[in-house]
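Everything on this sheet refers to the single structure shown next.
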Ligand code: CTP
Ligand code: CA
């Protein structure tokens, strides 16, 4: 493997990646979540390992076998993901936020299973979750390179550039989740990698091939 011969593009580098969905409990048996499979984040972790990096993978609940030689930190909620990121991401060479973090959590999780009520409707009060990526990017011990993802259904590049600036990122990987052939919960992806001064598209390919191409470009920028 690459690191045995010290030839990989990330030899001697530390990488931290978030992956998968988060789960926000409503009561002991129910939660809010999304369709993220975790495949893109796991493929990136694998590509970074193959490039010789030391990798920590902060993972929400997924159905993927663990990445050989990556340290996996398993979390469920966005708040747990934030504290894991504060513990493991600060000061690394490369931080990649590939997780699909739930934007909201239930304000008061019920300690016991909720029972049906007499009315037809039930209202849940939601509160906004912390932004893990922005918290890492704006931290005094910011990683050298911070990369986000932007899954959009419309105005993909414009929204992605907006997030690049607002979250103070070095790069953002934009993908069009309105496409039926790629993205969320899919084996393939097609993305545009955007920095303040560049924009390059990576055409439809298996997520592990997309990951390898992204890692090549990101490693060259370190
Ligand atoms: N992200 C994060 N923590 C959050 C929300 C998002 O770390 N609470 C990260 C994601 O991992 C991704 C990037 O921010 O790398 C963009 O996520 P996205 O959902 O597209 O952006 P939001 O800021 O949540 O904006 P919106 O969902 O309204 O488009
Ligand atoms: Ca979001």
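In UniProt numbering, the protein residues as written are 180 to 401.
Positions of the beta carbon are idealized from the N, C-alpha and C atoms, including for glycine.
TODO: Go ahead and label residue 377 buried or exposed: buried means 16 or more other beta carbons lie within 10 angstroms of its beta carbon, across all protein chains shown.
DONE: Taking the chain shown and counting its residues from 1, one reaches residue 377 at position 198. By the Cβ neighbour-count rule, residue 377 is exposed, with fewer than 16 other Cβ atoms within 10 Å of its own.
TODO: Taking the CB atoms as reference points, tell me whether residue 360 and residue 383 lie closer together than 8 Å.
DONE: On the chain shown, position 181 is the one that residue 360 refers to. On the chain shown, position 204 is the one that residue 383 refers to. Less than 8 Å divides the Cβ of residue 360 from the Cβ of residue 383.
- [ ] Confirm the yes/no value for this check: CB of residue 282, any heavy atom of ligand 2, distance under 7 Å.
- [x] Position 103 of the chain shown holds residue 282. If you check the C-beta of residue 282 against ligand 2, you find a heavy atom less than 7 Å away.
TODO: Locate the alpha helix (DSSP H) running through residue 312, then write down its first and last residues.
DONE: Position 133 of the chain shown, counted from the first residue, corresponds to residue 312. Residue 312: member of the alpha helix (DSSP H) spanning 311-316, first to last residue.
- [ ] Compare the Cα-Cα distances from residue 248 to each of 318, 254, 236 and 242 and report the closest residue.
- [x] Translated into the one-based positions of the chain shown, residue 248 becomes position 69. That would be 236, whose Cα lies nearest to the Cα of residue 248.
TODO: Please go through the same chain and pick out, in chain order, the residues whose beta-carbon is closer than 6 Å to the beta-carbon of residue 232, but skip the five residues on each side of it.
DONE: In the chain shown, the residue the question calls residue 232 occupies position 53. Taken in chain order, the residues that qualify are 189, 192 and 194.
Task: Nearest candidate by alpha-carbon position, reference residue 390, set 352, 357, 364 and 373 - done: Translated into positions along the chain shown, residue 390 becomes position 211. Closest option to residue 390, judged by alpha-carbon separation, among 352, 357, 364 and 373: 352.
Open item on the list: Whole angstroms are fine: how far does the CA of residue 319 sit from the CA of residue 309?
Closed with: Locating residue 309 in the chain shown gives position 130, counting from the first residue. Locating residue 319 in the chain shown gives position 140, counting from the first residue. About 17 Å.
Task: Bridge-paired residues (DSSP) for residue 203 - done: If you number the chain shown from 1, residue 203 lands on position 24. BP columns for residue 203 point to 211.
- [ ] Determine which residues share a DSSP beta bridge with residue 236 and list them.
- [x] Start at 1 with the first residue of the chain shown, and residue 236 comes out as number 57. Answer by DSSP bridge pairing, in chain order: 196 and 251.
Open item on the list: If I follow the unbroken beta strand (DSSP E) through residue 367, where does it start and stop?
Closed with: Against the chain shown, residue 367 aligns to sequence position 188. Going by DSSP, residue 367 is part of the beta strand (DSSP E) stretching over 367-373.
Task: Helix, strand or coil at residue 341 according to DSSP, with G and I counted as helix - done: Here the question's residue 341 lines up with position 162 in the chain shown. The answer is helix: DSSP assigns residue 341 an H, G or I state.
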